[in-house]
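Chains as they are written, first to last, in UniProt numbering: chain A, 1 to 442; chain B, 1 to 456.
Positions of the beta carbon are idealized from the N, C-alpha and C atoms, including for glycine.
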Amino acid sequence: MAPPPPPVTDYKSYPKTTPPSVLLVILDIHPLSWSLLSSPPPAIPYPEHPAIDKAQATPMTLPDFVTLLMVFLNAHLASRWGNEVVIYGASAGRAKLLYPPPPNAVAGPSKPRPNTYHPFQLLDSRIEEGLKEMAAEEQDRLEHGDMKTLNQPPAMVSALTKALCFINRILPNNSNSAALVDPAATQDPSAPASNAPDKPETRILVINSTPGANVSTATSSNEQSNAEVNENGTSTNGNSQNGKGGQMRGGYVGLMNCVFAAQKAKVPIDVLSLPPPSIDASPPIFLQQAAHLTEGIYWQWNGRGGLLQYLHALYLPPPSLRHHPFAVPPQDAVGFRAVCFCHHKTLDIGFVCSVCLSIFCEPRPVCLMCKTRFPIKSIPTLKTLATYIEHIPIPDTVPPPPIPKGAKTHQQNENNKRERAKGATNGDASGTGGRGEPIEID
Amino acid sequence: MSADLVDDDFIDDDDIPGPSTRGKKGGASGSKSGKGKDAGRHAWEGEFKKSWDIVQEDEKGSLESAVESLLARGRRKRALMADTPLRRSIIRHMFIILDLSESMMDKDFRPTRFEVILGYLRSYVVEWFDQNPLGQIGIIIMRDRLSEVLVPMGGNPQEILSVLSDKRRLEPSGEPSLQNGLVMAKGGMSHLPTTSSLETLIIFSSISTADPDGPVTIHNVLEELVTNKIRTTILSLAGEIKICRQITERTGGKFGVSLDQDHFKDLMWETIPPPATTIQSHTPITMGVKNALSSANGLQKGGKTPVGDLMVMGFPIQLPLGGETLCSCHGLLKKGGYLCPRCSSKLCDVPTDCEVCGLMVVSSPHLARSFWFLFPVANYGVLPIEDVMNSSTSETCFGCDVEFPDASTIDEGVAQVEDGVSPTGRYRCAKCSNDFCADCDLYIHDTLHTCPGCAQ
Numbered sequence: 001m002a003p004p005p006p007p008v009t010d011y012k013s014y015p016k017t018t019p020p021s022v023l024l025v026i027l028d029i030h031p032l033s034w035s036l037l038s039s040p041p042p043a044i045p046y047p048e049h050p051a052i053d054k055a056q057a058t059p060m061t062l063p064d065f066v067t068l069l070m071v072f073l074n075a076h077l078a079s080r081w082g083n084e085v086v087i088y089g090a091s092a093g094r095a096k097l098l099y100p101p102p103p104n105a106v107a108g109p110s111k112p113r114p115n116t117y118h119p120f121q122l123l124d125s126r127i128e129e130g131l132k133e134m135a136a137e138e139q140d141r142l143e144h145g146d147m148k149t150l151n152q153p154p155a156m157v158s159a160l161t162k163a164l165c166f167i168n169r170i171l172p173n174n175s176n177s178a179a180l181v182d183p184a185a186t187q188d189p190s191a192p193a194s195n196a197p198d199k200p201e202t203r204i205l206v207i208n209s210t211p212g213a214n215v216s217t218a219t220s221s222n223e224q225s226n227a228e229v230n231e232n233g234t235s236t237n238g239n240s241q242n243g244k245g246g247q248m249r250g251g252y253v254g255l256m257n258c259v260f261a262a263q264k265a266k267v268p269i270d271v272l273s274l275p276p277p278s279i280d281a282s283p284p285i286f287l288q289q290a291a292h293l294t295e296g297i298y299w300q301w302n303g304r305g306g307l308l309q310y311l312h313a314l315y316l317p318p319p320s321l322r323h324h325p326f327a328v329p330p331q332d333a334v335g336f337r338a339v340c341f342c343h344h345k346t347l348d349i350g351f352v353c354s355v356c357l358s359i360f361c362e363p364r365p366v367c368l369m370c371k372t373r374f375p376i377k378s379i380p381t382l383k384t385l386a387t388y389i390e391h392i393p394i395p396d397t398v399p400p401p402p403i404p405k406g407a408k409t410h411q412q413n414e415n416n417k418r419e420r421a422k423g424a425t426n427g428d429a430s431g432t433g434g435r436g437e438p439i440e441i442d
Numbered sequence: 001m002s003a004d005l006v007d008d009d010f011i012d013d014d015d016i017p018g019p020s021t022r023g024k025k026g027g028a029s030g031s032k033s034g035k036g037k038d039a040g041r042h043a044w045e046g047e048f049k050k051s052w053d054i055v056q057e058d059e060k061g062s063l064e065s066a067v068e069s070l071l072a073r074g075r076r077k078r079a080l081m082a083d084t085p086l087r088r089s090i091i092r093h094m095f096i097i098l099d100l101s102e103s104m105m106d107k108d109f110r111p112t113r114f115e116v117i118l119g120y121l122r123s124y125v126v127e128w129f130d131q132n133p134l135g136q137i138g139i140i141i142m143r144d145r146l147s148e149v150l151v152p153m154g155g156n157p158q159e160i161l162s163v164l165s166d167k168r169r170l171e172p173s174g175e176p177s178l179q180n181g182l183v184m185a186k187g188g189m190s191h192l193p194t195t196s197s198l199e200t201l202i203i204f205s206s207i208s209t210a211d212p213d214g215p216v217t218i219h220n221v222l223e224e225l226v227t228n229k230i231r232t233t234i235l236s237l238a239g240e241i242k243i244c245r246q247i248t249e250r251t252g253g254k255f256g257v258s259l260d261q262d263h264f265k266d267l268m269w270e271t272i273p274p275p276a277t278t279i280q281s282h283t284p285i286t287m288g289v290k291n292a293l294s295s296a297n298g299l300q301k302g303g304k305t306p307v308g309d310l311m312v313m314g315f316p317i318q319l320p321l322g323g324e325t326l327c328s329c330h331g332l333l334k335k336g337g338y339l340c341p342r343c344s345s346k347l348c349d350v351p352t353d354c355e356v357c358g359l360m361v362v363s364s365p366h367l368a369r370s371f372w373f374l375f376p377v378a379n380y381g382v383l384p385i386e387d388v389m390n391s392s393t394s395e396t397c398f399g400c401d402v403e404f405p406d407a408s409t410i411d412e413g414v415a416q417v418e419d420g421v422s423p424t425g426r427y428r429c430a431k432c433s434n435d436f437c438a439d440c441d442l443y444i445h446d447t448l449h450t451c452p453g454c455a456q
């Protein structure tokens with residue numbers, strides 16, 4: 001992990017100390033997603049890189065992953081005195097604080113183990129407890145026939161809002177009003193000691209396990225079928241511009257609001273997306289947008305093990321050390337797509353009300369949000385303008401490994417504009433071929 | 001002299017007279033000032049209003065309750081805010097030209113004009129970006145007869161705010177040059193398509209301008225502004241100046257002279273909503289903003305309410321800083337950039353109209369910045385103490401998981417709902433009936449705009 005030794009002059013620019021860092025983890029523990037992850041399909045062959053290709057697809061169960069996560073969190077606690085961990089669990093349609101425990105809970109495990117650093121043991125046992133509680137609640141919901149809520153996508157937005165509220169509380173005077181309110185409210189067990197020289201750094205790590213661009217909070221039931229279609233059919237419909245169900249207005253708007261609040265508080269939202277490309281060809285674009293906009297790190301697991309190393313290498317350094325002396329992984333291209341308000345489709349091209357800026361997927365005579373009437377005669381024009389829109393595959397932009405010469409012949413085209421050297425692995429050929437423009441497929 | 005003194009905020013209602021009689025005349029004609037209502041009554045004749053009278057200690061001598069009632073006032077204001085009609089604009093580009101001549105150190109605004117204007121500018125920028133999510137702002141300063149781009153045109157309010165908070169960089173000195181400032185603004189916007197709304201807002205504190213000697217005069221610059229369709233609004237702190245009025249009238253902007261601080265704020269805030277004549281009812285906006293704005297420019301200022309239309313917008317793919325590729329807008333090799341979703345050509349920056357297919361390409365987060373306005377968070381009601389005692393409620397705040405004060409320890413006598421402040425420290429969401437603490441209540445309504453409970 002250590003970078004090559006930099007020139008001597010650079011040492012002066014390294015920060016001598018960093019403030020303590022608070023890591024807020026949002027763990028997606030949706031049962032359906034984890035059942036998918038525990039029995040992954042065989043990995044997509046990766047002929048460009050034989051070493052990676054040799055690795056087998058690794059099944060990943062929730063207990064296995066939690067073990068890895070605990071190691072990572074202990075490393076975070078150990079790396080600086082004063083570091084804190086906060087964990088939220090996001091399950092189907094609900095989010096809950098797992099750690100630190102509520103103040104009225106029984107403190108600590110029954111008997112301390114002599115060979116374990118006590119804070120580690122506290123953390124580990126409490127996470128385990130919290131997860132078991134949440135699993136029991138899920139079981140309870142299942143038995144009481146509450147099937148509708150069980151199929152909802154994980155409540156990422158709710159967890160994010162909770163995390164941001166938490167950050168707002170532990171960071172004094174990040175807004176003038178919050179400082180006014182109640183000085184007593186800021187004395188909090190997890191807040192840093194008041195004599196700390198500067199306020200703690202905070203960051204949010206979202207661990208997504210749900211395939212598809214699913215960041216929705218489910219408040220409408222018609223999304224469930226979509227989500228399931230998504231799980232089964234993503235390998236084939238990755239190219240349709242509205243194929244990714246599961247998002248909806250509330251989730252998209254809520255997520256975006258979270259992103260802007262995080263931007264304001266300068267909190268990076270890191271995203272680790274677990275579903276490998278073999279399960280899900282499309283990245284969770286809205287989480288990716290969130291990471292991009294808040295200058296967090298987005299990384300998708302390739303499904304071939306090595307998760308603990310990823311966690312440590314990418315997500316352990318606090319934001320102040322990330323770019324210097326460490327380095328962030330090259331970030332992929334980000335699709336700035338949006339979700340329409342009428343059918344909750346993901347759009348490349350949408351119709352936007354000029355008055356209230358709400359987004360629709362088709363021309364309509366009256367704006368749903370602000371009730372503005374649009375001139376009817378312009379609708380046919382709009383319709384023709386919106387045709388011939390095909391989904392453009394997100395170009396793969398992590399510099400590709402050296403490819404044999406023969407595969408590069410397509411580069412004589414004007415594709416300087418497009419870096420899609422191996423973007424076609426996602427099976428985007430069918431949709432893009434329609435306009436007769438040169439589409440290159442490896 | 002005007003109603004401003006009576007009804008506005010509780011701060012800084014000092015009895016400052018209008019700077020000059022010329023100033024008052026300009027102010028009255030330049031804006032909707034309420035001078036006519038209260039003619040003859042001057043600020044110094046009004047009753048002296050003490051800002052500290054508003055804050056009163058409670059019986060224990062603590063200021064806590066006073067602070068809380070101030071917060072409650074804020075809550076009420078917020079509730080009123082939600083009723084304003086939805087009105088959003090399309091692409092705006094604005095240069096704020098700030099006069100940093102020595103006259104900015106005048107003390108007719110307390111403590112100085114400079115401090116007051118900087119404070120207003122900071123909140124102005126935030127408010128402007130909230131209402132104009134697709135807009136961009138740059139800042140130019142004029143001092144020592146030179147002009148300097150302080151912040152280049154950009155869409156990030158944080159960047160502008162951080163520059164504006166650095167007072168040492170902004171030390172006023174010398175005389176301003178209106179001509180240099182305008183030329184700089186024109187140059188800074190020359191690369192922008194004339195299809196977007198180009199504007200400058202000049203905050204002018206001096207009563208003269210020291211322009212360069214030479215063949216080009218400010219009148220030539222004015223002609224260029226008119227041909228480039230740069231709408232110029234000038235707010236003067238001192239008095240009416242003929243050239244300023246001429247500039248604003250020719251370019252379709254507004255000219256205003258401030259009577260006092262509050263009036264100046266009003267004048268500034270009037271420029272936040274997008275210009276009303278950008279959209280004409282009978283021209284459907286089909287491709288981009290080109291048609292709309294080009295036709296609107298010939299439109300006279302009328303009281304017609306803008307009629308909306310659907311716009312086709314594309315949401316691009318942002319390329320990372322990989323290799324260099326040619327962009328379609330400048331034809332230069334550049335790293336990064338955006339792909340038009342319809343024709344896949346690479347654009348340098350968004351929002352813009354695609355050079356190849358004419359699609360309006362915007363980044364969806366730009367649009368999303370205003371969505372909180374469309375989906376407001378339900379107001380949190382005060383939870384009276386009986387409800388806490390009677391029902392089994394959660395022990396912790398649903399947002400930040402802080403523990404609520406124990407209901408049994410709250411003194412029954414004090415515990416009455418007053419001014420929207422909850423005696424139990426709990427605020428309940430009307431939609432999802434979860435309880436929140438006061439911190440989270442403010443944070444959720446002011447910043448986050450998403451209720452953690454309703455998001456489940």
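Contact annotation, histidine 30(A) with serine 125(A): C-beta distance approximately 24 Å; criterion of less than 8 Å not satisfied.
Judged by DSSP in its simplified three-state form, aspartate 260(B) adopts coil rather than helix or strand.
For threonine 202(A), the secondary structure class from DSSP, reduced to helix, strand or coil, is strand. In this structure tryptophan 81(A) is exposed. Its beta-carbon is surrounded by fewer than 16 other beta-carbon atoms within 10 angstroms. In this structure, threonine 200(B) lies away from glutamine 179(B), with their beta-carbon atoms at least 8 Å apart. Of all alpha-carbon atoms in Leu321(B), Thr447(B), Phe436(B), Glu249(B), the one lying nearest the alpha-carbon of cysteine 348(B) is that of Leu321(B).
Within the DSSP secondary-structure output, glutamate 324(B) pairs in a beta bridge with Lys335(B). Residues of chain B with a Cβ closer than 9 Å to the Cβ of aspartate 332(A) are, in chain order, Pro320. Every alpha helix (DSSP H) stretch that sits fully inside the segment 302-353 of chain A and reaches 4 residues is listed by chain position as 307-310, 319-322. Per DSSP, the unbroken alpha helix (DSSP H) holding methionine 156(A) starts and ends at 156-170. Per DSSP, cysteine 400(B) lies in no beta strand (DSSP E) and is assigned neither H nor E. One thing to note: valine 271(A) has its Cβ within 8 Å of the Cβ of tyrosine 298(A). Your pair leucine 164(B) and arginine 113(B) does not check out as a contact, with CB atoms roughly 15 Å apart and the cut at 8 Å. Residue state for serine 208(B) is assigned as coil, using DSSP reduced to three classes. Note that the C-beta distance between serine 278(A) and proline 41(A) is below 8 Å. Take glutamate 175(B), set aside five residues on each side of it, and the residues of its chain with a beta-carbon closer than 6 Å to its own are Ser101, Arg145, Ala210, in chain order. Within chain B, the residues whose beta carbon sits less than 8 Å from that of threonine 161(A) are Gly399, Ile444, Leu448, Thr450, Cys451, Pro452, Ala455, listed in sequence order. By the neighbour-count criterion, in which a residue is buried when 16 or more other Cβ atoms sit within 10 angstroms of its Cβ, valine 350(B) is buried. Interface annotation, arginine 203(A): not in contact with chain B, CB-CB separation never under 8 Å. In the DSSP assignment, serine 38(A) falls within the alpha helix (DSSP H) that extends over 31-38. At a cut-off of 8 Å, the C-beta of valine 352(A) has a neighbouring C-beta in chain B. Counting along the chain, cysteine 244(B) sits inside the alpha helix (DSSP H) bounded by residues 242-251. Under the Cβ distance rule, arginine 369(B) counts among the residues neighbouring chain A, one pair being separated by less than 8 Å. Neighbours of aspartate 353(B) in chain A, taken as residues whose beta carbon is under 8 Å from its own, are absent, since the nearest beta carbon is some 13 Å off. Leaving aside the five residues that flank serine 205(B) on each side, the residues in its chain whose CB is nearer than 7 Å to its CB run, in chain order, Asp99, Ser101, Ser103, Met104, Arg113, Leu237, Ala238. For leucine 314(A), not one C-beta of chain B is nearer than 8 Å to its own C-beta. Annotation note: the UniProt domain "C2H2-type" (427-450) of chain B contains the following uninterrupted alpha helix (DSSP H) runs of length 4 or greater, listed N- to C-terminal: 438-443.
Counting only unbroken stretches of 4 or more residues, the alpha helix (DSSP H) elements lying wholly within the segment 245-279 of chain A are 249-265, in sequence order. Neighbours of serine 364(B) in chain A, taken as residues whose beta carbon is under 7 Å from its own, are Phe336, Arg337, Ala338 in chain order.
Per DSSP, the beta-bridge partners of glutamine 300(A) are Ser273(A). Histidine 219(B): member of the alpha helix (DSSP H) spanning 218-227, first to last residue. Spanning the alpha carbons of proline 363(A) and lysine 383(A) requires a straight line of approximately 7 Å. A Cβ-Cβ distance of about 10 Å is found for the pair histidine 93(B) and glycine 154(B), leaving them out of contact under the 8 Å criterion. Chain B has a Cβ within less than 8 Å of the Cβ of aspartate 348(A). Taking C-beta atoms under 8 Å as the contact rule, proline 276(A) and tryptophan 301(A) qualify, at a distance of about 6 Å.
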